[in-house]
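Residue numbering for the sequence shown follows my numbering, beginning at 2 and increasing consecutively. Working notes for the structure below.
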Amino acid sequence: MQISLSGRTALITGGSKGLGYAMGQKFAQAGAEIALAARTEAEVLAAAETIGFRSDQRVVGYVCDVAESDSIESLYRAVIEDFGKVDILVNNAGFAKAGAFESITDAEWQYDFDLKLMAAVRLSRLALPSMKERRWGRIINMLNTLAKTPAKGSAPTSVTRAAGMALTKVLAGEGAAFNVLVNALNIGRIESDQIIRAHQASGSNVSLAEFITAAGQSLPMGRLGYADECASLACLLCSDAGGYISGTAINVDGNLSPAL
2 MQISLSGRTA
12 LITGGSKGLG
22 YAMGQKFAQA
32 GAEIALAART
42 EAEVLAAAET
52 IGFRSDQRVV
62 GYVCDVAESD
72 SIESLYRAVI
82 EDFGKVDILV
92 NNAGFAKAGA
102 FESITDAEWQ
112 YDFDLKLMAA
122 VRLSRLALPS
132 MKERRWGRII
142 NMLNTLAKTP
152 AKGSAPTSVT
162 RAAGMALTKV
172 LAGEGAAFNV
182 LVNALNIGRI
192 ESDQIIRAHQ
202 ASGSNVSLAE
212 FITAAGQSLP
222 MGRLGYADEC
232 ASLACLLCSD
242 AGGYISGTAI
252 NVDGNLSPAL
């Protein structure tokens, strides 16, 4: 099956590495122009240059802290000025933050909601009107399996991600009549920059490859997932080939979650 995003423009937050980078690369290979956003200028510019070179598509990197509303508004204005439209929005920025409930401060709660939920709210609110006007749009909210099956010690991430799943369903309902499709991907354990940071923090003497292999052995499929596997599904959902899929929260976790 040929997946094409030709003529589309995709805005991807958290786009300098990991899943965001993989999606940017996959979307560009499918013919889309890409706006990558991330906090670190050197990283996002390097990512944009590499993806553009490999795909021969226009790819531009933008510095943005999506936890800040002013930064989001500046990002969106810049992308519209450079590309003229946003057809595809991937709300991907964020990292796992978890701890014992009584240890989490108000400031930590607020930051997690700003970074994950409110960033998606603010960017979707900016992108949705023009998507509805053109009667074509795709929004992907990147969540994790804790959104469906929160465990003790998993706040604030599990709570924020559960709210993101509810947001996905609300947006899907409001966009459906306008061919604006909204879905969520609930991510499990994936080979990404987070596993690299975990390896570095562990102080282990084993190689990164051995660390990754060991990290996946207890999972149902005996391995971690690959970022490219997630990117392939996101590419399908953002194409016309996925044109009747909306309002779903799909587990991309190799059967890790006990919930459908």
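We put the CB at the ideal spot given by N, CA and C, even for glycine.
Residue of Asn187, Ala216, Gly223 minimising C-alpha distance to Gly248: When only C-alpha atoms are compared, the closest one is Asn187.
Below 8 Å between beta carbons: does that hold for Leu6 and Ala31? Contact: yes.
Ala38 and Cys65 closer than 8 Å at C-beta: A contact, by the Cβ cut-off of 8 Å.
Pair every Cβ in the stretch 104–121 with every Cβ in the stretch 65–78, then say whether three or more of these pairs are closer than 8 Å. Output reads yes: the stretch 65–78 touches the stretch 104–121.
Length-filtered (4 minimum) alpha helix (DSSP H) runs lying within the stretch 225–254: Here the runs fully enclosed are 228–238.
Nearest by alpha-carbon distance to Ser330: which of Val181, Leu127, Phe96 is it? Since the first residue shown for the chain is 2 and the last is 261, residue 330 is missing from the structure and cannot be characterised.
So is Val60 buried or exposed if we call it buried at 16+ other beta carbons inside 10 Å? When all chains shown are included, Val60 counts as buried.
Using 10 angstroms around the beta-carbon of Gly53, count the other beta-carbons present and answer buried if the total reaches 16, otherwise exposed. Buried.
Just the Cα atoms here: how many angstroms apart are Leu209 and Leu238? Their backbone Cα atoms lie some 32 Å apart in a straight line.
Evaluate contact between the stretch 191–211 and the stretch 136–149, counting only Cβ atoms and requiring at least three cross-stretch pairs below 8 Å. At 8 Å Cβ cutoff, the stretches do not touch.
Extent of the continuous beta strand (DSSP E) to which Leu172 belongs: From DSSP, Leu172 is part of no beta strand (DSSP E) but of the alpha helix (DSSP H) over 158–176.
Classification of Asp71 by the beta-carbon crowding that lies within 10 angstroms, buried from 16 upward: In this structure Asp71 is exposed. Its beta-carbon is surrounded by fewer than 16 other beta-carbon atoms within 10 angstroms.
Spatially closest choice to Ser263 from Ala216, Lys18, Ser240, Asp113, by CA coordinates: For residue 263 there is no data in the structure shown, the boundaries of the chain being 2 and 261.
Could you check which residue in Tyr22, Tyr63, Asp88, Ser104 has the C-alpha nearest to that of Ser240? Measuring C-alpha to C-alpha distances from Ser240 to each of Tyr22, Tyr63, Asp88, Ser104 identifies Asp88 as the nearest.
Residue burial classification, Tyr22 (beta-carbon count within 10 angstroms, cutoff 16): Tyr22 should be labelled buried.
Just to confirm, is the Cβ distance from Arg190 to Gly217 under 8 Å? Contact flag set, yes.
Considering only their Cβ atoms, is the gap separating Lys133 from Phe84 smaller than 8 Å? Against a cut-off of 8 Å, the Cβ pair of Lys133 and Phe84 comes out as no contact.
Nearest-angstrom Cα separation, counted from Asn252 out to Ser258: Those two C-alpha atoms are separated by around 8 Å.
Using only the alpha-carbon positions, how far apart do Thr169 and Leu182 sit? Answer to the nearest angstrom: the Cα atoms are 10 Å apart.
Have a look at Ser233 and Thr41 and give me their C-alpha separation to the nearest angstrom. One alpha carbon belongs to Ser233, the other to Thr41, and they sit about 26 Å apart.
Counting only the same chain and skipping the five closest in sequence on each side, list residues whose C-beta sits under 7 Å from that of Ala242. For Ala242, where only same-chain residues beyond five positions count, the Cβ hits under 7 Å are Met2, Ile4.
Name the residue from Gly165, Ala202, Asn256 whose alpha carbon lies nearest to the alpha carbon of Val91. For Val91, the closest alpha carbon among the candidates Gly165, Ala202, Asn256 is that of Gly165.
Following the continuous beta strand (DSSP E) through Ile197, name the residue where it begins and the one where it ends. Counting along the chain, Ile197 falls outside any beta strand (DSSP E), though it belongs to the alpha helix (DSSP H) covering 194–203.
Nearest candidate by alpha-carbon position, reference Cys231, set Ile105, Leu144, Gly138, Lys86: With distances taken between CA atoms, Cys231 lies nearest to Leu144 out of Ile105, Leu144, Gly138, Lys86.
Terminal residues of the alpha helix (DSSP H) in which Glu74 lies: Per DSSP, Glu74 belongs to the alpha helix (DSSP H) from 70–84.
Compare the C-alpha of Asn93 against each of Gly176, Ile246, Ala235 and name the closest. Residue nearest to Asn93 within the set Gly176, Ile246, Ala235 is Ala235 (criterion: CA-CA distance).
Candidates Asn256, Val45, Asn206: closest to Asn219 by CA position: A small fix is needed here, since residue 219 is Ser in this sequence, not Asn. Check the Cα spacing between Ser219 and each of Asn256, Val45, Asn206: the tightest is with Asn256.
Are Gly138 and Gly95 close, meaning C-beta to C-beta below 8 Å? No; because the gap between Cβ atoms is not below 8 Å, this pair is not in contact.
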